[in-house]
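If you read the protein sequences in the order shown, they are chains A and B.
Our numbering puts the first residue of the first sequence at 44, with every later residue one more than the last.
Our numbering puts the first residue of the second sequence at 232, with every later residue one more than the last.
No residue lacks a Cβ here, since even glycine has one placed at the ideal position from N, Cα and C.
Comments concern the structure below.
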Amino acid sequence: MKTPSFGTIRLILDDDTGWLELNSPPSNKMTMEFFREFAAALDFISNHKEFRALVIYGHGRHYSSGTDLPTLLEEINKNAGTDINGNLTEVPEFLSNNYRSLLLLESFRIPVISAIRGVCLGSALELALFSHFRLCGEDSVIGLPEASFNLVPGLGGIYKLCCIAGEVTALERVLKGSTFNAEDAFRYRIVDRIVPKRKLLEQAGEFAREVMNDFRIEKKNLYVKQFLR
Amino acid sequence: METINKISWEIKGDIGIITLDNPPENYLVQPEFVPLDTLRKWTSYDYLKGIIVCGAGKHFSGGGKLENLFKMIRNKEDIAEKIDKGKAVLDHIENLDIPVVAAIHGICFGGGLEVALASHIRICSANSLFAFPEINQGVLPGLGGSVRTTCKTGFPAALKLIMSGDMINAEDALELHLIDFISAKQNVFDYSFAFLQKLTRDRPLPVINAVMKALKNSRSLGIQEAMKEETRMFCELALSEAKRRNGS
């Protein structure tokens, strides 16, 4: 099948498994263009039954360093609706679209697996948290550093972290804003399995094949128990 | 320092300290252990970045004295209303948009444990003991303790704690997720104070408030609404950060 081509994403279908590569080297920053193309890619996948699983990963050594902050702040400053005192009255449409993409991803009836290696920060971790499963290479650097920039995660990261790791871990990790390693992420249940980073994509593909036939979103935790933990 | 109903309040830097101050066991005088209006006043200082709840002397708190409660019933006082007021106090603590840490040592029983469970983070010393002894008098935790326990430990463990009235130690409480951390230092107050300070000191209040609100939304709203709110709060902060960077 012919898959569309994008500037910041590479999407291929290989033997029933879709591979969505975040492709803006070196750190695969999630730019405005990325989010637009990501929405289009999700749209394409959801309209093609040939995709029976989806693996999301980053080009090269990293998953992604997250949003391109200066550009994002600029765009928000330009596009947000404000009253005469400069207070927010309306969230820019593109921001709402971004979190809707993550909700759409989560609602997929096919298993979505994030294969994390290198850095996975901010919005990138939010993307991973909205995937159904997370495999993580050793030596990965993970975190929600938004608070250190006087911000908070804005794409549902706090909500998801709270559901997955519990309120106290979410509070601590988000307020501190410091990064943590794969072992901590595993302990917090933020990742489901740690794998040698050279075998990351191979194992993600294998896991996709294992679960694609009888995947049910509602039973996600059973698959984690059966195959990953 | 202010004191009311054997509860004291002071502020150190930007951290407020609520001390259950009725030694030796720091029994809570009544369900509304601190008048809601007083608590509202204490917690409304707009420079506060966090609050610690702790016990004076050797213990956190032995909870309410059930004999007192039974006496009130004999005197035909309106118990349901008193308990509702107590619940409102705990809800106020839980809904604060700055983090509240319970620093626990010694006994933490019944109503005392319910106070700890309404806090956002529970840190205890290694010598702490936890129990819901209410069942021994034929009643159950009345200030939302059974609901909050179930959220933290899951149903089976909550059932066992509440139905048996048995005491558990710090390690077991950690294992059950009834508490979040065991203090690495002898003095749990110092440890908790440092923990809270480290968590909040480099963060401006709007960021702290946004995080706490987002966490509260995760408890109370559906995913759609919670995410919409999270994005809105992010956008508000991003807007002021953009202005700050542009020097306006």
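Which residues, in order along the segment 351 to 368 of chain B, keep a beta-carbon less than 7 Å from a beta-carbon of chain A? Answer in chain order: H351 and I352.
State the DSSP-derived secondary structure class of A:Y202, mapped to helix, strand or coil. Per DSSP, reduced to three states, the secondary structure at A:Y202 is helical.
Chain-ordered neighbours of A:K219 on chain B, where CB pairs are closer than 7 Å: Residues of chain B whose Cβ lies closer than 7 Å to the Cβ of A:K219 are, in chain order, L430.
C-beta contact flag for B:K316 and B:E241 at 8 Å: No.
Buried/exposed call for B:S356, threshold 16 Cβ in 10 Å: By the neighbour-count definition (other C-beta atoms within 10 Å, threshold 16), B:S356 is a buried residue.
Does DSSP classify A:A158 as helix, strand or coil? For A:A158, the three-state secondary structure derived from DSSP is strand.
Suppose you measure from the CA of B:F412 to the CA of A:L63; what does that come to, to the nearest Å? Cα to Cα, the separation comes out at about 39 Å.
For B:F301, go through chain A and note every residue whose CB falls closer than 9 Å to its CB, in chain order. Within 9 Å of the CB of B:F301, no CB atom of chain A is found; the nearest one sits about 35 Å away.
Find the nearest neighbour of B:I410 within the set B:Q417, B:N418 and B:I399, judged by alpha-carbon distance. If we check each option's Cα against that of B:I410, B:I399 comes out closest.
With respect to the beta strand (DSSP E) encompassing A:A96, which residues constitute its N-terminal and C-terminal limits? Per DSSP, A:A96 belongs to the beta strand (DSSP E) from A96 to G101.
Just to confirm, are B:A311 and B:F420 a CB contact at a threshold of 8 Å? No, they are not a contact pair.
List the residues of chain A that B:P330 touches, going by C-beta distances under 8 Å, in chain order. Going along chain A in sequence order, the residues near B:P330 (Cβ under 8 Å) are L214 and L218.
If we ignore side chains and look at the alpha-carbon of each, how far apart do A:N193 and A:K92 end up? The alpha-carbon atoms of A:N193 and A:K92 are separated by roughly 42 Å.
For B:C466, go through chain A and note every residue whose CB falls closer than 8 Å to its CB, in chain order. The contacting residues are I119, A123, L131, V134, P135, L138 and G197.
Would you check if the segment 174 to 186 of chain A and the segment 142 to 161 of chain A touch, i.e. whether three or more CB-CB distances between them fall below 8 Å? Because the criterion of three Cβ pairs below 8 Å is met, the segment 142 to 161 of chain A and the segment 174 to 186 of chain A touch.
Rounded to whole angstroms, what's the CA-CA distance from A:S70 to A:S183? Just pull it up for me. Rounded to whole angstroms, A:S70 to A:S183 spans 13 Å at the Cα level.
Sort out for me which residues DSSP pairs B:N400 with in a bridge. According to DSSP, B:N400 bridges with B:L360.
At what residue ranges does the segment 296 to 332 of chain B contain a whole run of the beta strand (DSSP E), taking only runs of 3 or more? If we require 3 residues or more, the segment 296 to 332 of chain B turns out to have no beta strand (DSSP E) run fully inside it.
For A:Y266 and B:G294, what's the separation of their Cα atoms in angstroms? Spanning the two alpha carbons is a distance of roughly 43 Å.
So is A:I127 in contact with chain B if we call contact Cβ pairs under 8 Å? Contacts with chain B at 8 Å (Cβ-Cβ) do not include A:I127.
To the nearest angstrom, report how far apart A:G209 and B:T381 are at their CA atoms. If you take the alpha carbons of A:G209 and B:T381, they lie about 14 Å apart.
Please name the residue in B:F424, B:V260 and B:V370 whose C-alpha comes closest to that of B:K313. When only C-alpha atoms are compared, the closest one is B:V260.
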